[in-house]
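Q: Let me begin by handing over the structure; questions about it come next.
Numbering (the numbering used here), first residue to last: 488 to 647.
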């Protein structure tokens, strides 16, 4: 995984983002700065003041907002953007996360990773970003992925 690669190569942080530039690369310095200032996890957030989503149809906005609200409520998370993949993990967070294998994948893994960090009482900072809908291709979220994510939230809620 990317975390193991980062550890093996001595990286101080591991940053994840969408390869289609839906996540603005220009915000990477703000994520790195948040970690340098003490956060164990910095999240590029669509759902904090200054954050936004551009180019999504209303049904996708509703799905995303609902998924985040349900995850926050059921898992008692403080983070507003639970499903965003634009993140910068500190060395401490990476070392912690690699010791426990993930039980989920895809979008579900994002919620599981965040839940582990919050339950470990790590400092988490949300940095506002503007998420842009991809110019080419389609979103990979499917009904199957939505059901898997719901199952992951239910499983994690049972372990709180």
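Ideal Cβ placement from N, Cα and C applies to all residues, glycine included.
1. With respect to the beta strand (DSSP E) encompassing residue 499, which residues constitute its N-terminal and C-terminal limits?
2. Report the rounded CA-to-CA distance for residue 522 versus residue 560, giving the unit in angstroms.
3. Rank 503, 580, 543, 593 by C-alpha distance to the C-alpha of residue 618 and give the top, closest one.
4. Using the three-state DSSP reduction, which class does residue 604 fall into: helix, strand or coil?
5. Kindly indicate which residue of 532, 499, 498, 579 has the alpha-carbon position closest to the one of residue 573.
6. If you compare alpha carbons, which of 589, 563, 629, 508 is closest to residue 616?
7. I'd like the span of the beta strand (DSSP E) that includes residue 618, first residue to last.
A: Judging by the given coordinates:
1. Run containing residue 499: none; DSSP gives neither H nor E here.
2. Put simply, the backbone Cα of residue 522 is about 26 Å away from that of residue 560.
3. With respect to the C-alpha of residue 618, the residue from 503, 580, 543, 593 having the closest C-alpha is 543.
4. Secondary structure of residue 604 (DSSP, three-state): helix.
5. Nearest of 532, 499, 498, 579 to residue 573, Cα basis: 532.
6. Taking only the C-alpha atoms, the option nearest residue 616 is 508.
7. Residues 617-619.
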